[in-house]
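As they're listed, the protein sequences go chains A and B. Residue 161 in numbering that gives the first Met the number 0 sits at position 162 of the first sequence, with consecutive numbering throughout. Residue 483 in numbering that gives the first Met the number 0 sits at position 484 of the second sequence, with consecutive numbering throughout. Virtual Cβ for every residue (Gly too), placed ideally from N, Cα, C. For reference, the structure discussed in these notes is given below.
Protein chains: 2
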Amino acid sequence: MINFQTSPEHYRHWNLKIDGPVATLSMDVQEDETIAEGYKLKLNSYDLGVDIELADIIQRLRFEHPDVRVVVITSLKPRIFCAGANIYMLGSSSHAFKVNFCKFTNETRCAIEDDSRHSGRRYLAALNGTASGGGYELAVACDEIYLVDDGNSAVSLPEVPLLGVLPGTGGLTRLVDKRKVRRDRADVFSTVAEGLKGKRAKEWGLVDDYFPTSKFQESLEARVRELLAATANLETTEKGIKLSQLDVENTPQGREYQQVSLQLHRDQRYADLVIKGPEAGLPTEPDAIKQLGDRYWPLQAYRELDDALLHLRVNEPEIGLICIQTKGDIKNVLAVDQTLANHRDHWLIREIILNMARVLRRLDLTAKSFFALVTPGSCFAGNLLELVLASDRSYMLDSEDEEVQMAVGELNRGALPMANGLTRLQSRFLATPEMVEEVLQQDARFDTSAAERAGLVTFAPDDLDWDDEIRLAIEERTSLSPDALTGMEASLRFAGPETMDTKIFGRLTAWQNWIFQRPNAVGATGALTNYGKPTQAQFDFKRT
Amino acid sequence: MINFQTSPEHYRHWNLKIDGPVATLSMDVQEDETIAEGYKLKLNSYDLGVDIELADIIQRLRFEHPDVRVVVITSLKPRIFCAGANIYMLGSSSHAFKVNFCKFTNETRCAIEDDSRHSGRRYLAALNGTASGGGYELAVACDEIYLVDDGNSAVSLPEVPLLGVLPGTGGLTRLVDKRKVRRDRADVFSTVAEGLKGKRAKEWGLVDDYFPTSKFQESLEARVRELLAATANLETTEKGIKLSQLDVENTPQGREYQQVSLQLHRDQRYADLVIKGPEAGLPTEPDAIKQLGDRYWPLQAYRELDDALLHLRVNEPEIGLICIQTKGDIKNVLAVDQTLANHRDHWLIREIILNMARVLRRLDLTAKSFFALVTPGSCFAGNLLELVLASDRSYMLDSEDEEVQMAVGELNRGALPMANGLTRLQSRFLATPEMVEEVLQQDARFDTSAAERAGLVTFAPDDLDWDDEIRLAIEERTSLSPDALTGMEASLRFAGPETMDTKIFGRLTAWQNWIFQRPNAVGATGALTNYGKPTQAQFDFKRT
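Structure, rendered in structure tokens:
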């Protein structure tokens with residue numbers, strides 16, 4: 000079982016040094032410390048274990064080190080920054096694992112950009128040696144890239160010419176969409192295995208600058224000082240909060256967290272995911288919230304939800320459907336929404352909200368079906384209402400005897416955007432945009448018929464039909480082709496505008512997934528299969 | 000060899016009746032008239048041959064029947080409008096063929112929307128029976144959809160539940176992006192094999208209205224009258240021009256058209272595609288151009304280019320690289336650009352320009368590499384400059400002795416947009432948008448060094464290096480994995496904004512291609528393989 004939790008005392012591949020407002024994050028991959036058998040992590044190449052640490056570091060920088068304003072990512076290995084994802088790991092992994100590995104590394108790169116965009120931390124890739132493949136893709140996720148000019152070090156995307164696959168972590172999209180490299184130059188760069196060195200790399204926009212070895216350190220330091228001056232308005236002496244390990248118990252049927260419960264029905268290939276709403280009387284001021292730290296419900300519940308989603312993706316591939324439920328008091332959820340909205344400019348509250356948004360986007364991007372089940376005692380309100388809107392379908396009990404309600408809250412107004420930049424209400428009401436404001440302005444709760452009228456739920460079966468209808472819906476869903484569902488959900492979930500993130504997860508990922516099962520990549524004579532072997536790849540040259 | 004040319008006297012599957020400003024296009028597929036062996040086209044299901052006719056009809060409506068303002072698409076089969084792409088054809092086709100078949104049908108649907116958007120012709124789907132799968136996707140490409148309410152007829156997308164694949168002709172994207180169907184309803188609709196009938200189909204936005212059988216015809220006629228009134232401003236009594244069969248000679252080495260020459264180097268897996276520029280002294284007024292008809296260079300050359308591209312896609316799968324060249328006088332190309340720009344509001348000139356734009360987009364979407372070779376005697380100017388900008392790379396000879404030039408023209412200013420809505424110059428200069436105007440304002444021609452400075456070419460080898468550099472570039476390109484190149488090019492060619500078209504060709508196509516090779520669809524126990532057999536599909540339920 001792959002564990003997505005880690006903490007600084009367990010890091011094996013990264014060295015994090017914090018010096019006031021500057022964090023230096025150095026990659027120093029231990030080649031034997033792999034997450035699976037059969038390969039060595041040479042030349043700062045990485046597997047999922049290395050990236051789990053990186054994701055953890057970025058998360059902790061945001062919560063534990065609010066005073067850090069510049070993050071320098073570099074390497075402790077001589078002449079090599081990072082060689083990208085380990086090829087032998089890729090070559091020996093199942094299709095499903097490769098796809099989920101790429102998705103997680105993509106989410107981690109997006110988390111760097113999310114930190115830069117929303118929290119103002121500047122990321123600087125200090126390439127003290129060659130950055131190839133995923134190594135260069137990590138650099139491109141940073142705000143600025145500096146390359147040493149030692150006559151040897153280069154940036155490169157050798158996936159197409161060497162491996163017959165695509166750069167799998169957003170590289171192609173970020174080349175032309177983020178760095179806006181001219182498409183013909185991007186074409187050349189992406190087909191030249193050895194990549195480009197300093198002068199031309201700068202001319203083509205692949206790096207921001209290059210410096211000779213003797214001046215590399217001082218030039219970087221000068222740039223860091225400039226960035227510190229430019230981010231002086233973000234200066235804070237506030238200490239952060241500690242992110243503890245999540246308290247989770249694995250049972251044969253699932254996982255029990257403090258606020259999240261995951262019950263697996265493996266025979267039927269679905270899971271119940273139940274989220275407890277917050278208690279009453281949570282603190283309403285940042286100082287008191289800081290005291291609570293990572294036990295504050297919005298942080299704890301969403302961290303647990305995040306871990307549960309990652310667990311489901313990688314460790315429970317046959318679970319195809321998640322039935323999302325909530326238990327609690329709508330009043331308390333709305334109170335939390337109100338508190339968070341009131342203090343959204345406080346650094347900790349901002350980070351808590353941004354984390355909730357990232358977790359919800361992780362859900363949007365999870366290749367499982369989601370049904371939201373709205374029943375008596377549930378608390379789909381405010382931030383938790385997003386779970387209904389994020390689900391592929393929702394069912395709300397229409398009961399004569401019991402109260403079943405939903406409600407909008409402050410965080411439905413734009414604090415938790417999807418990857419396409421829209422709120423989930425905007426995505427839902429593309430045809431009738433006036434409905435967004437109508438729903439948001441409803442102070443009263445939505446009972447089942449009001450929710451149906453407002454277009455907030457898909458179906459509203461009554462007491463008599465509920466059990467059968469839910470059972471049938473689950474049976475039907477889990478009987479369908481899992482691949483067709485993945486492609487269908489990826490197409491239906493993201494209507495409307497596109498962003499770099501949706502391009503990476505929609506277009507690039509889809510092409511990569513296609514190539515990841517082509518014989519030209521993974522067949523007996525495929526390029527990925529034959530990499531590093533005395534044998535040569537033999538292609539079927541038919542263009543598709 | 001599949002022939003993409005046809006004409007009304009050869010139609011086997013469609014009946015076109017033109018009554019003044021109203022064209023009625025009725026599908027009446029002849030089940031034995033298939034383009035390949037091994038299946039029958041029952042229930043108005045279609046194969047590539049049926050769609051080649053449809054594409055031809057839409058093209059002819061624009062050029063031959065400018066007076067048509069409303070097109071009603073319906074069926075001559077009782078109780079069935081169209082059952083979509085033939086499943087046995089799909090099940091027995093190669094992966095490459097399936098992909099190219101879907102691409103062509105997608106382009107044909109986009110051509111309907113292009114006609115509606117730019118030429119104002121209104122398309123009305125009159126579903127006199129069930130429209131399922133590609134049948135409903137054809138309807139969704141129309142402006143309006145009307146369904147008969149006979150207690151039986153429905154609209155449906157049964158691909159996911161029945162076949163384990165996606166609707167392959169833009170259906171999912173158009174559901175949520177064009178018709179803006181709520182994503183949870185789109186989810187339900189796309190997983191219910193039998194689809195939805197009149198009332199709910201209308202309520203969910205899947206059709207615009209439904210009428211009982213007894214009122215179907217008169218209701219449609221009433222709607223046609225309304226549309227005619229609304230498009231009265233487009234009324235014309237002008238006759239169209241005739242589109243003749245292209246004059247093409249097949250040789251063992253390629254195809255020779257009048258303006259286009261295709262030379263195949265099959266051993267080296269590349270082709271030279273040479274386009275002759277226009278002669279001097281072409282007419283400058285619409286009346287004289289109309290006299291010339293389809294022999295007018297911009298129409299003839301681009302129709303031939305279109306046919307050559309389709310031929311290359313389907314009949315020459317192993318050709319991976321097209322070297323584009325032009326031969327002619329820049330002055331004459333610019334004169335044509337000027338004439339077209341001067342009269343762009345004349346219906347025929349507008350159609351000629353729109354056709355050029357569609358052909359260039361067909362090139363953008365062709366899964367082959369394109370290198371533009373700019374040499375002495377070439378005429379990459381104005382509309383032909385778009386070929387340089389559309390290419391993955393360009394090489395321009397830097398000669399001391401001979402004149403090598405390029406030039407901008409009127410049609411580079413926005414008349415020939417890419418699928419993403421940008422001009423090719425805008426796409427090229429995303430990083431430096433001020434360059435677009437700078438280039439457009441250059442009256443003088445670009446010699447090689449000016450073109451390089453302006454960022455219009457990738458490389459400019461001199462006389463000494465040219466032959467070797469081109470040879471090496473061709474050898475390198477054609478040695479790479481064709482699949483990785485397809486995915487790479489699809490990612491690099493469309494930076495910047497996204498539209499419904501780019502979503503369909505980028506995201507949806509990529510997912511469909513992925514699914515089209517998954518064992519759950521096409522393996523021995525896959526759903527597509529087992530459709531209509533006594534055996535049942537058996538899925539590997541791992542989610543990816």
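| Query | Result |
| --- | --- |
| Minimum Cβ-Cβ distance from N105/B to chain A less than 8 Å | no |
| Contact with chain B by L186/A, beta-carbon distance below 8 Å | Leu is not the amino acid found at residue 186/A; the sequence shown has Asp there. Chain B contact via Cβ: present. |
| is_contact[I323/A, chain B] using C-beta, thresh 8 Å | no |
| Chain B residues whose Cβ lies nearer than 8 Å to that of E317/A | F540, K541 and R542 |
| Of the listed residues M499/B, E409/B and M487/B, nearest to V191/A (C-alpha basis) | M487/B |
| L463/B, buried or exposed, once every other Cβ within 10 Å from all chains shown has been counted against 16 | exposed |
| Per DSSP, cross-strand counterpart(s) of Y209/A | L146/A |
| Proximal chain A residues relative to Q511/B, where beta-carbon distance stays under 7 Å | G486 |
| Uninterrupted alpha helix (DSSP H) stretches inside the segment 306-372 of chain A (no shorter than 4 residues) | 329-341 and 346-363 |
| Residues sharing a beta bridge with S262/A, DSSP | Checking the sequence shown, residue 262/A turns out to be Gln, not Ser. Q262/A pairs with G253/A and D271/A. |
| Endpoints, the alpha helix (DSSP H) within which Q511/B is located | T508 to I514 |
| Bridge partner(s) assigned by DSSP for E248/B | E255/B |
| Beta-carbon gap between M26/A and S93/A smaller than 8 Å | no |
| Test: H94/B CB closer than 8 Å to a CB of chain A | yes |
| Burial state of G197/A (16 or more Cβ within 10 Å) | buried |
| Per DSSP, cross-strand counterpart(s) of F458/A | Y394/A |
| Continuous beta strand (DSSP E) stretch holding L47/B: start and end | Not the beta strand (DSSP E): L47/B falls in the alpha helix (DSSP H), residues L47 to E63. |
| Beta-carbon spacing of L384/B, V407/B below 8 Å | yes |
| At least three beta-carbon pairs within less than 8 Å, the segment 270-286 of chain B to the segment 2-14 of chain B | no |
| Same chain, Cβ closer than 7 Å to Q258/A, five either side skipped, listed in chain order | I274, K275, W296, Q299, A300 and E303 |
| Helix, strand or coil at D442/A according to DSSP, with G and I counted as helix | coil |
| Simplified DSSP assignment, three categories, for C81/B | strand |
| Presumed contact (8 Å Cβ cut-off) between K102/A and T508/A, rounded CB distance | 7 Å |
| Outcome for A231/A when other beta-carbon atoms lying within 10 angstroms are tallied against a minimum of 16 | exposed |
| Classification of Q404/B by the beta-carbon crowding that lies within 10 angstroms, buried from 16 upward | buried |
| Per-residue contacts from D208/A into chain B (C-beta, under 7 Å) | Result: empty, since nearest Cβ-Cβ is about 16 Å, beyond 7 Å. |
| Residue-chain proximity (R392/B, chain A), Cβ-Cβ < 8 Å | yes |
| 7 Å Cβ cut-off: residues of chain B touching I274/A | What I274/A touches in chain B: nothing, since even the nearest Cβ is about 20 Å away. |
| Those residues which DSSP pairs with S131/B across a bridge | S155/B |
| Whole-angstrom C-beta distance between N512/B and V98/B, which should lie under 8 Å | 5 Å |
| Under 7 Å from the C-beta of P416/B: neighbouring residues of chain A | Ordered by position in chain A, no residue passes the 7 Å Cβ test against P416/B, which lies about 16 Å from the chain. |
| From A307/A, P416/A and P282/A, residue whose alpha carbon lies closest to that of T331/A | One point to set straight first is that residue 331/A is Asn, not Thr, in the sequence displayed. Selected option, being the one with the closest Cα: P282/A. |
| contact_flag[the segment 204-216 of chain A, the segment 168-183 of chain A] where n(CB pairs < 8 Å) is 3 or more | yes |
| Residue-level contact to chain A via CB, T172/B, 8 Å cutoff | yes |
| Nearest residue (CA-CA) to C109/B, options E32/B, A356/B, G292/B and V28/B | A356/B |
| Interface residues of chain B facing N519/A [CB-CB closer than 8 Å] | S480, P481, D482 and A483 |
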